[in-house]
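Down below is the structure, laid out as structure tokens.
Chains as they are written, first to last, in this note's numbering: chain A, 141 to 254; chain B, -1 to 112.
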């Protein structure tokens, strides 16, 4: 079965430190990859996506993500965390044969401490 | 402003009392979808629609109905709600063609079924 894993329920980072939120996937072919963020009491917001090309993609709010085909991973990164980055982060994958459906990870809560 | 709207935002109801959650988008998106979000389970898709009068089941369609009579609207209907449908519900929409297929989410509807 095709799946997306976010192995950490929660990630704690001190403000100013780099952060990484991990995502690995198991799908056939070359999928599209997405990161979304959910702030408290809000809907999900698109952060960035990988379709093809450069393995490092840049997105909103200073976030970037690195696609690694051999490890089937798409980790979200930011060089210097802000307290305002504290939120719930979701990785999603769209298999090429999926009829536009997304497979979602369970989410990772990111807590940035001052 | 481009947006997805949902109403109501909060709803408390009783078992068996039919309810409808409305969803509307103003971006002329072909694709619309309903998700439910439960702690530790991420997002699970209920139903989706590729265009007017075209709907299909997602991963957890039992107990729900949808319709797509107009391109902009995609209501979610619970004919006889039960307590296990207590959840946070999100409507989302996107274009289908090309790379423009990141999903835009509504603000969410928190439903409690007593």
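Backbone N, C-alpha and C fix where the C-beta goes; we use that ideal spot for every residue, glycine too. Keep in mind the model is a prediction, meaning the values are calculated, not measured.
Item to check | Under 7 angstroms from the C-beta of residue 249 (chain A): neighbouring residues of chain B | outcome: Within 7 angstroms Cβ-Cβ: nothing; residue 249 (chain A) doesn't reach chain B, min ~10 angstroms.
Checklist entry - Per DSSP, what kind of secondary structure is residue 82 (chain B) in: helix, strand or coil? => result helix
Next on the checklist: Check whether the stretch -1 to 15 of chain B and the stretch 79 to 86 of chain B are in contact - that is, three or more C-beta pairs closer than 8 angstroms.
Outcome noted: yes
Next on the checklist: Cβ closer than 8 angstroms: which chain E residues qualify as neighbours of residue 241 (chain A)?
Outcome noted: Absent from the structure is chain E; the protein chains it does hold are A and B.
Checklist entry - So which of A:235, A:201, A:174, A:157 has the shortest CA-CA distance to residue 146 (chain A)? => result A:174
Checklist entry - With DSSP run on the structure shown, which of helix, strand or coil describes residue 200 (chain A)? => result helix
Checklist entry - Listed from N- to C-terminal order along the chain, which residues in the stretch 157 to 185 of chain A have their beta-carbon within a distance smaller than 9 angstroms of any beta-carbon of chain B? => result Residues of the stretch 157 to 185 of chain A whose Cβ lies closer than 9 angstroms to any Cβ of chain B, in chain order: 172, 174, 176, 178, 181, 182, 183, 184, 185.
Item to check | Length of the line joining the Cα atoms of residue 18 (chain B) and residue 61 (chain B) | outcome: 12 angstroms
Item to check | Distance between residue 51 (chain B) and residue 218 (chain A) (C-alpha atoms, nearest Å) | outcome: 42 angstroms
Checklist entry - Rounded to the nearest angstrom, how far is the Cβ of residue 24 (chain B) from that of residue 70 (chain B), given a contact under 8 angstroms? => result 7 angstroms
Checklist entry - On the premise that residue 240 (chain A) lies in contact with residue 29 (chain B), defined as a C-beta separation below 8 angstroms, what is that separation, rounded to the nearest angstrom? => result 6 angstroms
Item to check | Distance, residue 185 (chain A) Cα to residue 157 (chain A) Cα | outcome: 23 angstroms
Checklist entry - What first and last residue would you give for the beta strand (DSSP E) that runs through residue 150 (chain A)? => result 150 to 154
Checklist entry - Do three or more CB pairs link the stretch 190 to 202 of chain A to the stretch 42 to 50 of chain B at distances below 8 angstroms? => result no
Checklist entry - Using a C-beta to C-beta distance shorter than 9 angstroms, which residues of chain A count as neighbours of residue 103 (chain B)? => result Residues of chain A passing the Cβ test: 176, 178, 182, 183, 184, 185, 186.
Item to check | Closer than 8 angstroms at the beta carbon, the chain A residues around residue 74 (chain B) | outcome: Those do not exist, as residue 74 (chain B) stays about 15 angstroms from chain A at its closest Cβ, beyond 8 angstroms.
Item to check | residue 29 (chain B): contacting residues in chain A (beta-carbon distance under 9 angstroms) | outcome: Near residue 29 (chain B) (Cβ distances below 9 angstroms), the residues of chain A are 240.
Checklist entry - Pick from A:247, A:213, A:188, A:245: whose alpha carbon is nearest that of residue 99 (chain B)? => result Distance from the Cα of residue 99 (chain B) is smallest, within the candidate group A:247, A:213, A:188, A:245, for A:188.
Item to check | Exposed unless 16 or more other CB atoms sit within 10 angstroms - verdict on residue 44 (chain B) | outcome: With 16 or more Cβ atoms within 10 Å of its Cβ, residue 44 (chain B) is classed as buried.
Checklist entry - Is residue 141 (chain A) closer than 8 angstroms to residue 253 (chain A) when the C-beta atoms are compared? => result no
Checklist entry - In this structure, does DSSP put residue 22 (chain B) in helix, strand or coil? => result strand
Checklist entry - Would you call residue 85 (chain B) buried or exposed, if buried means 16 or more other Cβ atoms sit within 10 Å of its Cβ? => result buried
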